[in-house]
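Okay, so the sequence shown: first residue is 550 according to this note's numbering, each after it adds one.
Heads up, the beta-carbon is just placed ideally off N, CA and C, and yes, glycines get one too.
The block underneath contains the structure these notes are about, expressed in structure tokens.
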Amino acid sequence: MKMKCEKLLCSVMITLVCACNVLAANEPGSGQQVEAIKAQALELNRDLLLLKEEILYPNDSRLTVFLSLEVEEFSSLETVELSIDGRRLVSYQYTQRELDALRQGGVHRLYMGKVNAGEYEVVAVYTGKGAEGRNFRGVRKLTLKKTSGEKKLELKIVDSTDPQQPELFFVHRTAQAAGSLRYGTTLFYYFQRDYFNALTELMMARQLDEVEAYEDTAELLQSGASLSYGMERAAEKIFTSLLTERDASIDRDRAWFYLGKLAWKRADLNSAYAALEKMSPTYQGQLTSEANYLRASISLRRGEELLAASYETLLPIDSPWLYYHYYNLAASHADRGEWGEAIGYFQRVVESPLSAPEIKSLRDKALTASGYAYLAIENYDQAAQDFSRVRLDSPLVDRALLGYGWAYSEMGDYHSAVSSWKALAERSLMSDSAREGQLALAYAYEKLGRQRDALEQYRRAGKVYKTEMAAVQMARSALNDSELPPLLDVADDYTQDWLGEQDVLPQVAHQPYLRQLLSRHHIQYALRELRDMHNMTRYLSRVVLDLEQLSAEDEAQQSSYAPRIQDLFKRAHAQQLQMQFSLQLAQGRVRELAITELQQQGDKLHRALGQSLLAVARLYDSGSPKVQP
């Protein structure tokens, strides 16, 4: 398992620090106060779980059963049932997320309990689907001779000669193998993106001296999990510590890269460049392309455009970073009005041979930007062609439809402009382009001499603007008057990943403005903090309940754990008070950011309403018989 986990860990760590669609380096990370709260919660969780094992499952009578997969052929595992002497211990149904984690090298702690010394019959029943989708059911029995001391069993499911049904084996694990199981359990949570429990397991393993054989990769695992859990400072501390060690097994180039990436995320360009320059000049690992992309981006931000452009030769054609680099160069030229140079780089992005989803999105951005650059140099036919190539399900489609209409409008083809703007007018006014499209459609009708249609469209636009303004006001009222957790539905959010592309968004269908406005990047980080605060608030409530159970068990056993239990009680209550304060601050940040966005949206709608009313008055004042009732 060690080789498999280490190989997988390297591939995962490459993508941990970067979010491929983020080209800017000015997004904030989790605040220092939030990081401190998370660190305290992790330490409390570690100490609670260690104490729970000691009290509820004493070492001399503890039985722990783990499950792992080493299969390639079968489709999926569905359930595992474990019993001892006919008494069911556990029946577990696996989710797809858990199966994916097992396939990547994770180990599931299936059962932990008390079993006295003696001889027992252990039966494992497992079900699932085979290679061709056929259901299977397997049974494996074991005579277990339990002696004093902890007993560890591993249920290992492996491929068999029958592709329809894998085999299950019982593996007796010695104390020396405890580290691999504990580390595997850490990976089980890690690959599910449950970074809180992954970090807790790793901290427990260290406390029990069960991770020594995996310490090198464990350091990288901890730093990666910390980053993904929004604890950038903790991750940076680990990388810095690794670089001060003389251990030859440490991948120093990788550590310097991540330090540079962290500095880049904070927009500390000098520190980022200095860290990247400490990577070996001969380094040709999997991070080479991204490191060169970062160097190029730093040079571009410093105004060193020729140096930035020179990095093109260091980025392979099959690397996505080459096309992000092209887009950045194009945007830099466009900012200075150098439209020809900008179009050249945008077209290089469009011609990318890659087909990954993020590259498709980048291609849509490049096509849209290129279209507007062609509009700027009055090449309307080419502009229309670029706009027409933007995917219909792309977030850029509104902007492309607007540009497509203007391209044909400038060519005097108002019929084609009407077709584009008519489609745009039916889309959500949350988009600036859709809002402009309402008025542009009326303008096209005027150019076609359809004054009555133009008047009706201006009126329709005014009604739509008023309706949307009312919706904005309702959303503002909801944010002002309602509790944020149920309104935004973040309290039950599972995802912990700060670096992934999945947004934290409310599920409330009656407030579409909230859902779209809260997808803004700067609000997303505030929402992630709010989500994490809520998750930890619920966690602390469970901690108190667990401690009450442990206290009762301690009294029943007349053992000597009361001082440790009381210490955990005090820490939990102190954290609850701190959490309440931090939660209020996090809610205030989200509320303030969202209301500001809504205010800006309302102002835009108000201006558009004014334009529509003026247009109606202008048409009436013109005295045209085509608009008279």
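Residue span of the beta strand (DSSP E) that contains residue i, given as start and end
i     : result
F719  : E716 to R722
L638  : R636 to Q642
R782  : No beta strand (DSSP E) holds R782; the alpha helix (DSSP H) holding it covers E781 to T793.
K701  : K700 to V707
K1185 : The displayed coordinates of the chain run from 550 to 1178. Any statement about residue 1185 would go beyond what the structure contains.
S625  : S625 to I633
V671  : G667 to K678
Cα-Cα separation, residue i to residue j
i     : j     : result
L1028 : Y1088 : 26 Å
L1048 : E907  : Its pLDDT being 49, under 50, L1048 is placed unreliably in this model, and the value from its coordinates should be taken loosely. Each residue's alpha carbon lies about 15 Å from the other.
E1005 : G1151 : 23 Å
S1171 : L951  : 28 Å
L618  : R652  : 6 Å
S829  : R976  : 52 Å
L856  : N819  : 16 Å
A1101 : A1019 : 56 Å
L1168 : G580  : 55 Å
I847  : R683  : 54 Å
Y876  : Y894  : 6 Å
M550  : Y842  : With a pLDDT of 46 at M550, under the threshold of 50, the predicted position of this residue should be treated as unreliable, and no value is reported.
C569  : L776  : In this prediction, C569 scores a pLDDT of 34, lower than 50, which makes its location untrustworthy; no coordinate-derived value is stated.
R1113 : E1097 : 13 Å
S1108 : F718  : 38 Å
Residue i - containing alpha helix (DSSP H), residue span
i     : result
I604  : Q581 to L605
Q934  : Y929 to S937
Y1128 : Rather than Tyr, the amino acid found at residue 1128 in this sequence is Met. Run containing M1128: A1111 to D1170, per the alpha helix (DSSP H) assignment.
V898  : W888 to V899
L621  : It is Glu, not Leu, that sits at residue 621 in the sequence shown. No alpha helix (DSSP H) holds E621; DSSP gives it neither H nor E.
L659  : Note, L659: premise wrong, no alpha helix (DSSP H); beta strand (DSSP E) at H657 to K663.
G986  : D981 to K996
Q756  : Y744 to Q756
L855  : E854 to S859
L864  : Segment: none, L864 is in no alpha helix (DSSP H) and carries neither H nor E.
D962  : Careful: D962 lies outside any alpha helix (DSSP H) and carries neither H nor E.
P906  : P906 to A925
R652  : Q645 to R652
Inter-residue CB distance, residue i and residue j (contact presumed, cutoff 8 Å)
i     : j     : result
V664  : I706  : Wrong, their Cβ atoms sit about 23 Å apart, outside the cutoff.
E785  : L811  : 5 Å
T749  : L871  : About 40 Å; that fails the 8 Å criterion.
V629  : L616  : 6 Å
R948  : S910  : Not a contact, Cβ separation roughly 13 Å.
I892  : S868  : That belief does not hold up - the Cβ atoms of I892 and S868 are roughly 22 Å apart, past 8 Å.
L1142 : A1075 : 6 Å
R897  : M753  : About 50 Å; that fails the 8 Å criterion.
A519  : A1010 : Only positions 550 to 1178 of the chain appear in the structure, and residue 519 is not among them; the question remains open.
Among the options, the one whose alpha carbon lies nearest that of residue i
i     : options                     : result
L605  : M753, S1131 and Q1106       : Q1106
G809  : D981, A821, K909 and M753   : A821
D765  : L792, E781 and D743         : L792
D962  : R976, Y994 and D935         : Y994
L1163 : E703, Y992 and R742         : Y992
T692  : R658, D1081, G635 and Y744  : G635
S965  : D942, L978, S937 and M979   : S937
V967  : D1002, D1081 and P944       : D1002
L849  : L864, T862 and A880         : A880
Q931  : F806, L903, Y953 and A1157  : Y953
K601  : E1141, V1092, H657 and G698 : V1092
Y738  : E647, G986 and K971         : E647
V1165 : Y1110, R1008 and E1097      : R1008
V760  : T735, G779 and R782         : T735
Y669  : A650, Q642, K700 and R658   : K700
Cutoff 9 Å: residue i Cβ touching any chain D Cβ
i    : result
D634 : Of the protein chains in the structure, only one exists, and it is not chain D.
Residue i burial status per 10 Å Cβ neighbour count (16 or more: buried)
i     : result
V720  : exposed
I586  : buried
A573  : Because A573 sits at a pLDDT of 43, beneath the cut-off of 50, its placement in the model cannot be relied upon, and the following sentence gives the value as read from the coordinates. So A573 ends up on the exposed side.
V900  : Checking the sequence, you will find Glu at residue 900 rather than Val. Burial call: exposed.
G578  : Any answer about G578 is weak, because its pLDDT of 47 lies below 50 and its placement is not dependable; what the coordinates show is given next. Flag for G578 reads buried.
D758  : exposed
R803  : buried
Q741  : buried
P865  : exposed
T917  : buried
K914  : buried
A673  : buried
M562  : Low per-residue confidence applies at M562: pLDDT is 34, beneath 50, and the placement is therefore not dependable enough to give any value.
P715  : buried
F806  : buried
R1156 : exposed
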